[in-house]
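In full-length UniProt numbering, the protein residues as written are 1 to 88. Where is the CB? At the ideal position from N, CA and C, for every residue including glycine. Read the structure below first, then the notes.
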């Protein structure tokens with residue numbers, strides 16, 4: 001199991017488009033991927049669950065992965081988040 005904490009700097013937070021990108025990437029890998037934020041947890045393969053977290057700009061989110069593809073999943077999500085979801 002691996003966990004990485006990120007500060008969300010996207011001015012709109014994790015809205016529909018970034019949530020969809022997270023879910024799309026997470027769904028590619030054979031592992032459990034969870035997002036933790038606002039004292040809630042969401043399956044990162046579910047767009048609706050990610051949106052329900054309500055992550056805003058300036059908030060921290062933790063990505064927790066567990067399974068055979070955990071390294072690949074965390075690397076792919078790191079690229080997405082580190083590039084500000086390719087927005088701004």
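Are residue i and residue j touching if we call contact CB-CB under 8 Å?
| i | j | result |
| --- | --- | --- |
| residue 44 | residue 8 | no |
| residue 60 | residue 5 | yes |
| residue 78 | residue 31 | no |
What is the rounded straight-line gap between the Cα of residue i and the Cα of residue j?
| i | j | result |
| --- | --- | --- |
| residue 58 | residue 10 | 8 Å |
| residue 47 | residue 34 | 12 Å |
| residue 85 | residue 39 | 22 Å |
Measure from the alpha carbon of residue i to the alpha carbon of each residue in the options, then state which is nearest.
| i | options | result |
| --- | --- | --- |
| residue 50 | 2, 84, 18, 83 | 18 |
| residue 66 | 85, 26, 15, 55 | 26 |
To which residues of the same chain is residue i closer than 6 Å at the C-beta, ignoring the five residues directly before and after it?
| i | result |
| --- | --- |
| residue 72 | 29 |
| residue 13 | 55, 56, 57 |
Spatial neighbours of residue i within its chain, please: CB distance less than 7 Å, with the 5 preceding and 5 following residues excluded, ordered by chain position.
| i | result |
| --- | --- |
| residue 74 | 2, 4, 63, 65 |
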